[in-house]
Amino acid sequence: MENNQCPNCLNNKLEPFFEVKSVPVHSVLLMDTKKEAVEYTKRDIKLVFCPVCGFITNFVFDPSVHEYSAKYEETQGFSGTFNSFHKGLAEKLIAKHGLRNKTIIEIGCGKGDFLNLMCQLGDNEGFGFDPAYIDERDSGGSDGKAKFIKDFYSEKYSHYKGDFVCCKMTLEHIPDTYRFVKMVRDSLQDNLETKVFFQIPDMEKILGELGFWDIYYEHCSYFSIPSLAYLFEKAGFEILDVGKDYDDQYLMIETKPALNVNIGKYDVPIGVEEIKSLVEYFKSN
């Protein structure tokens, strides 16, 4: 990261508040031996806070050390509680946005569980992007209507067009958040009716509970409602809804592309000053 610039709002006012040394760079990568696990690559975490937008990032994050591959085990699909939440979320989004016989794009689809649900429950077709996708793990719940590309989503896939674009538990792994979300916006061009849904961990809960255990090296980007709203408005999206779910662990934002968006148009329920107070609380404890 250069020039103390916030990757979320591009201002230059980042303030350090938490640091820990020599952290394993992966927490859900399956290792073949104890020796491999103990000796796995480690790096430092230095969290900084942006007083302009409320964003928090690891200032010394190095994306080159990551290994997002078939060895990466991120699924929560073996939990009945999570599966119930996942199905309920899919049903809610399908009903709210009229997603029947539509095209769904999922960025960072993991093993394809959610995309298969969206296709199965709404009779939709889907395209999922994730280098960690494994063909043999596909539940087949979409009856072949979901197709998967084992790669990171980027500009080269902008020709894939959808009525609904979702990205769940992925943005927190991306250091240049504005650049990424702006890339998604640019790929939609003038398709102003496409709905865009993102889900990420809620940093407000982590700060308030002093949840140091919920800070991972993989998670280089940490959001609260104000920083998430700021990002999407700056990138050219109109916010339709933003809130929390799953015992307030997850932030969720529903948007659509817009031609002219003023930052701050959406009235968020909590401001940057409240997040700054939580940062000070976390720092002092």
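So the sequence shown is numbered by this note's numbering: it starts at -9 and just counts up by one. C-beta: ideal position from N, C-alpha, C; glycine also.
Query: By how many angstroms is the C-alpha of Leu178 removed from the C-alpha of Gly134?; Result: 25 Å
Query: Considering only the alpha carbon of each residue, which of Trp203, Gln189, Gly198 lies closest to Phe222?; Result: Gln189
Query: In its own chain, which residues sit with a C-beta less than 6 Å from the C-beta of Tyr30, not counting the 5 before and 5 after it?; Result: Pro14
Query: If you draw a straight line from the alpha carbon of Ile260 to that of Ala136, how long is it in whole angstroms?; Result: 38 Å
Query: Can you grab the Cα-Cα spacing for the pair Glu115 / Gly100, in whole Å?; Result: 17 Å
Query: Does the separation of the CB atoms of Ile265 and Gly44 fall below 8 Å?; Result: yes
Query: Go ahead and label Asp91 buried or exposed: buried means 16 or more other beta carbons lie within 10 angstroms of its beta carbon, across all protein chains shown.; Result: Residue identity check: residue 91 is Asn in the sequence provided, not Asp. Looking at its Cβ environment, which holds fewer than 16 other Cβ atoms inside 10 Å, Asn91 is exposed.
Query: Taking only three categories from DSSP, how would you classify Asn91?; Result: coil
Query: Cα-Cα, which of Lys234, Glu228, Asn48 is closest to Pro(-3)?; Result: Asn48
Query: Are Lys246 and Glu228 touching if we call contact CB-CB under 8 Å?; Result: yes
Query: Rounding to the nearest angstrom, what Cα-Cα distance links Leu230 and Asn(-7) in this structure?; Result: 33 Å
Query: How would you call Ile253, buried or exposed, if buried means at least 16 neighbouring beta carbons within 10 angstroms?; Result: exposed
Query: Can you grab the Cα-Cα spacing for the pair Gly201 / Asp238, in whole Å?; Result: 13 Å
Query: Please identify the residue among Thr93, Val258, Asn250, His209 whose C-alpha is closest to the C-alpha of Asp180.; Result: Asn250
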